[in-house]
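Numbering (the numbering used here), first residue to last: 346 to 782.
So, in structure tokens, the structure goes:
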């Protein structure tokens, strides 16, 4: 059996960001469950969701143990270090593990608090990469600033830009690009999903893609004024660095995700992210790319993994890149954790659709499908004959729990190609029509 820990991030890096919905997000950990596993979550998921996931996977729900530590100083949204160290939780965990052999500890984020937990319960040797993680290594493999240094040193192509620790340097780096009539994107070092990004342009008309907003800064004085107003927001009051990059309008966002182990580097999957203007969908494998394009992306991704493996990181690494309208490939960040794509290719793909799913199927995850509840969404999809069918290897799977704050659930459409995906999405959209107002 295994011990699975649904910790979404390190709160010292993101603060209040990602707190909203963090407990809901962590519940996708259930997709990784196998018979007999113990799962530690910020909050218990609803029964309908757990029943659905274990039913799809063929996992004996009765064999699972779901544990939730008492709330900590940060509340109950995230699995923080103090919650994982709570004496009553440790007693419950000890009882759940008593007399059983734990083969592996899997945490969704490589945090030192997980290393401390495994040490307390005598499982330190079952956590891959624990030495690296124990000394704050999770920060290094999730920093957009560190990424640029690693990528540049490994010869991986990155957009022109800079890593800036103060507003003066940031102003210079931004203006150096803008003065050549280039567009700029600035990024918070640790925020994800495009939420911590902002596009800067000297002219009107740039559409945001991969960032919530665009600001027009016609001259250097406007850049300086913008940074005075926004520096604290984009650097968490100066605790983190600002990443400045050239922005290429019309680019496609692709990724290659690999697993770094003691034995080497294993390919997981490649895919494409879609934004309106921030992430709202993804497709695995990346559709409609020229021959050799994604092999090129994966080759560069492997080069990124090599120094991280030598440093002692063990776990998933997603290398994100853009493909410009001219066909150039630039890498923009990496994410060293169980990402928002891992469950798609490793569980829904390989375990549900089939080990070679990428040869003849596309997995398309849609963010935030509005529905009254998880149960009603499931019943409506089944009644319409749109639920995933193992015989045809097509249909819709629910890849998230119900998000009560957004009133939505995320689904994964499975079909032979993107044309069939579009047809399936149209039929799903008709089940709960939305008021266009």
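All C-beta atoms in this analysis are idealised placements derived from N, C-alpha and C, irrespective of residue type, glycine included.
Computed from a predicted structure; not experimentally measured.
May I have the straight-line CA-CA distance separating residue i from residue j, to the nearest angstrom?
| i | j | result |
| --- | --- | --- |
| residue 350 | residue 425 | 11 angstroms |
| residue 469 | residue 767 | 46 angstroms |
| residue 520 | residue 770 | 43 angstroms |
| residue 366 | residue 488 | 22 angstroms |
| residue 408 | residue 402 | 13 angstroms |
| residue 708 | residue 743 | 12 angstroms |
| residue 603 | residue 613 | 5 angstroms |
| residue 773 | residue 610 | 38 angstroms |
| residue 579 | residue 400 | 43 angstroms |
| residue 522 | residue 667 | 18 angstroms |
| residue 562 | residue 634 | 34 angstroms |
| residue 782 | residue 622 | Legend: pLDDT at residue 782 = 48, less than 50; position of this residue unreliable, value from coordinates given subsequently. So the two alpha carbons sit approximately 19 angstroms from each other. |
| residue 690 | residue 567 | 44 angstroms |
| residue 700 | residue 516 | 49 angstroms |
| residue 533 | residue 638 | 28 angstroms |
| residue 510 | residue 583 | 8 angstroms |
| residue 352 | residue 448 | 19 angstroms |
| residue 731 | residue 665 | 32 angstroms |
| residue 465 | residue 572 | 45 angstroms |
With distance defined between alpha-carbon atoms, name the residue in the options nearest to residue i.
| i | options | result |
| --- | --- | --- |
| residue 477 | 605, 558, 621, 502 | 605 |
| residue 480 | 415, 455, 585 | 455 |
| residue 355 | 376, 679, 535, 607 | 535 |
| residue 525 | 546, 510, 375, 542 | 546 |
| residue 382 | 463, 446, 757, 592 | 446 |
| residue 306 | 406, 462, 686 | The structure shown does not extend to residue 306, since the chain is modelled only from 346 through 782, so no value can be given for it. |
| residue 421 | 451, 385, 518 | 385 |
| residue 359 | 429, 435, 586 | 586 |
| residue 390 | 644, 686, 687, 369 | 369 |
| residue 537 | 437, 679, 697 | 679 |
| residue 631 | 457, 411, 762, 363 | 762 |
| residue 705 | 684, 721, 759, 733 | 759 |
| residue 607 | 692, 496, 725, 655 | 655 |
| residue 376 | 712, 549, 687, 765 | 687 |
| residue 388 | 371, 379, 394, 380 | 371 |
| residue 555 | 475, 539, 569, 698 | 539 |
| residue 564 | 485, 553, 548, 662 | 548 |
| residue 738 | 712, 765, 725, 724 | 765 |
Less than 8 angstroms between the CB atoms is what I'm expecting for residue i and residue j, so what's the real figure, rounded?
| i | j | result |
| --- | --- | --- |
| residue 590 | residue 506 | 4 angstroms |
| residue 501 | residue 649 | 6 angstroms |
| residue 641 | residue 499 | At roughly 15 angstroms, the Cβ-Cβ gap does not stay under 8 angstroms, so residue 641 and residue 499 are not in contact. |
Considering only the beta carbon of each residue, do residue i and residue j sit closer than 9 angstroms?
| i | j | result |
| --- | --- | --- |
| residue 601 | residue 615 | yes |
| residue 588 | residue 508 | yes |
| residue 682 | residue 660 | yes |
| residue 459 | residue 472 | yes |
| residue 404 | residue 398 | yes |
| residue 719 | residue 747 | yes |
| residue 594 | residue 551 | yes |
| residue 715 | residue 741 | no |
| residue 423 | residue 745 | no |
| residue 777 | residue 503 | no |
| residue 728 | residue 754 | no |
| residue 427 | residue 417 | yes |
| residue 697 | residue 733 | yes |
| residue 653 | residue 411 | no |
| residue 461 | residue 483 | no |
Uninterrupted alpha helix (DSSP H) stretches inside the segment 442-499 (no shorter than 4 residues): Complete alpha helix (DSSP H) runs here, min 4: 457-465, 475-479, 482-485, 489-499.
Runs of alpha helix (DSSP H) lying entirely within the segment 358-438, each at least 4 residues, in chain order: List check, alpha helix (DSSP H) in window: 367-371, 392-402, 426-429.
In the segment 620-662, which residue ranges form an unbroken beta strand (DSSP E) of at least 3 residues, counting only runs that do not cross its ends? 624-629
Inside the segment 544-585 only - alpha helix (DSSP H) runs reaching at least 4 residues: Every alpha helix (DSSP H) of 4 residues or more that sits fully in the segment 544-585 is shown, in chain order, as 565-580.
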